[in-house]
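First comes the structure, then the notes that go with it.
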C-alpha cells in the first residue's frame, strides 16, 4: 500500500511541476539613458488551462519583499500598480498577447530613469505551483563632459595629469595611462549629484620628469563596468613645449 502512495505522490508532483512555468524572462542587460523612451521586460510563461483562473503574476524590484505591480488575470482587466516609485514609469495598458490570461505578462517601463536600474523578478503562481525568474537591468548615463589635462609644475620637474568626468552613472572606472601601461596609485575624488542621480569624478597623478622619456603619450581611459561604454583621451607630452596633438575616441 505504501508503494502505491509513493508512486501516486511522484505522479502528482510531476504534474504540478509543469502546471505553471516561466519559459523565458527577457530583460535587456544594459540600457543607455536617453536612447529610447521605454524598456520592455517580458515574462513569457505557460500554464494549465484548468488553473487559468488561479494565475497571479507579480513583479518585484531589487530585494523588496512586496511586489511593485500585480496582475490577476481572472479578476483584473489590467495590472495594479502597488509601489508609487513606479508611477509614471509603467504602461498598465500595454498588451503583448491575444490570450486574455497572458495579455499583460510583459512590463513596459516608460520614461526610464537611473533609479530604475536594478534586479527585476517575475513570479507566476497558482494555488499549487509557482515559478520565479530574475534578471538585472543596468541603466547608465554616459558622461556629459570629459576633460583630460597635463599641468606642468613651476619647478619644471613634475607634471600633474588629471581626468575629470561629469554627469555619469553608475560610478565609472577611470584609468590614467602612460602609453600601453596603467598608472597606479592615482588619487580620486567623487561628488554625487543627488537630484540627477549622477556623479562627477576626478582622478589625478603627479609624475616626476625623471620617470618619463622626453616625449611620451599620456592618457585617460573611461569605462562603465558591465557595459560597452568606453572612451579614451590621449595627448603627447613633452618635457619642453606643449602638447603636439589631442584627440577623443569614443568606442
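Residue numbers (mature numbering (1 follows the signal peptide of the UniProt record, and there is no 0)): -19 to -1, 1 to 232.
We put the CB at the ideal spot given by N, CA and C, even for glycine.
All of these numbers come straight from a predicted model, not from anything done at the bench.
Kindly indicate which three-state DSSP category residue i falls into: helix, strand or coil?
| i | result |
| --- | --- |
| residue 30 | helix |
| residue 138 | coil |
| residue 65 | helix |
| residue 192 | helix |
| residue 35 | helix |
| residue 214 | strand |
| residue 97 | helix |
| residue 167 | coil |
| residue 132 | strand |
| residue 145 | strand |
| residue -16 | For residue -16, the predicted model reports a pLDDT of 42, less than 50, meaning its position is unreliable and no value from the coordinates is stated. |
| residue 14 | coil |
| residue 155 | strand |
| residue 78 | coil |
| residue 181 | strand |
Rank the options by C-alpha distance to the C-alpha of residue i and give the top, closest one.
| i | options | result |
| --- | --- | --- |
| residue 93 | 51, 67, 27 and 115 | 67 |
| residue 96 | 14, 168, 147 and 193 | 14 |
| residue 123 | 2, 11 and 143 | 11 |
| residue 164 | 170, 199, 26 and 139 | 199 |
| residue 8 | 87, 151, 49 and 65 | 87 |
| residue 54 | 74, 72, 47 and 82 | 82 |
| residue 125 | 166, 56, 159 and 177 | 177 |
| residue 20 | 107, 101 and 152 | 101 |
| residue 45 | 103, 33, 79 and 207 | 103 |
| residue 34 | 107, 201 and 167 | 107 |
What does DSSP give as the partner residue(s) for residue i in the beta ladder?
| i | result |
| --- | --- |
| residue 106 | 37 and 111 |
| residue 71 | 90 |
| residue 25 | 5 |
| residue 20 | 90 |
| residue 122 | 150 |
Between the alpha carbons of residue i and residue j, how many angstroms are there, rounded?
| i | j | result |
| --- | --- | --- |
| residue 31 | residue 38 | 17 Å |
| residue 28 | residue 211 | 43 Å |
| residue 190 | residue 138 | 5 Å |
| residue 17 | residue 193 | 46 Å |
| residue 60 | residue 161 | 54 Å |
| residue 109 | residue 47 | 20 Å |
| residue 209 | residue 58 | 40 Å |
| residue 172 | residue 132 | 22 Å |
| residue 155 | residue 115 | 30 Å |
| residue 216 | residue 175 | 33 Å |
| residue 1 | residue 152 | 40 Å |
Given a cut-off of 9 Å on the beta-carbon distance, is the pair residue i and residue j in contact?
| i | j | result |
| --- | --- | --- |
| residue 6 | residue 23 | yes |
| residue 196 | residue 219 | yes |
| residue 203 | residue 127 | yes |
| residue 180 | residue 99 | no |
| residue 187 | residue 129 | no |
| residue 76 | residue 85 | yes |
| residue 3 | residue 26 | yes |
| residue 183 | residue 140 | no |
| residue 157 | residue 142 | yes |
| residue 149 | residue 205 | yes |
| residue 73 | residue 90 | no |
Are there any heavy atoms of the ligand ZN lying less than 8 Å away from the beta-carbon of residue i, as far as the coordinates show?
| i | result |
| --- | --- |
| residue 151 | No copy of the ligand ZN appears in this structure; indeed no ligand is present at all. |
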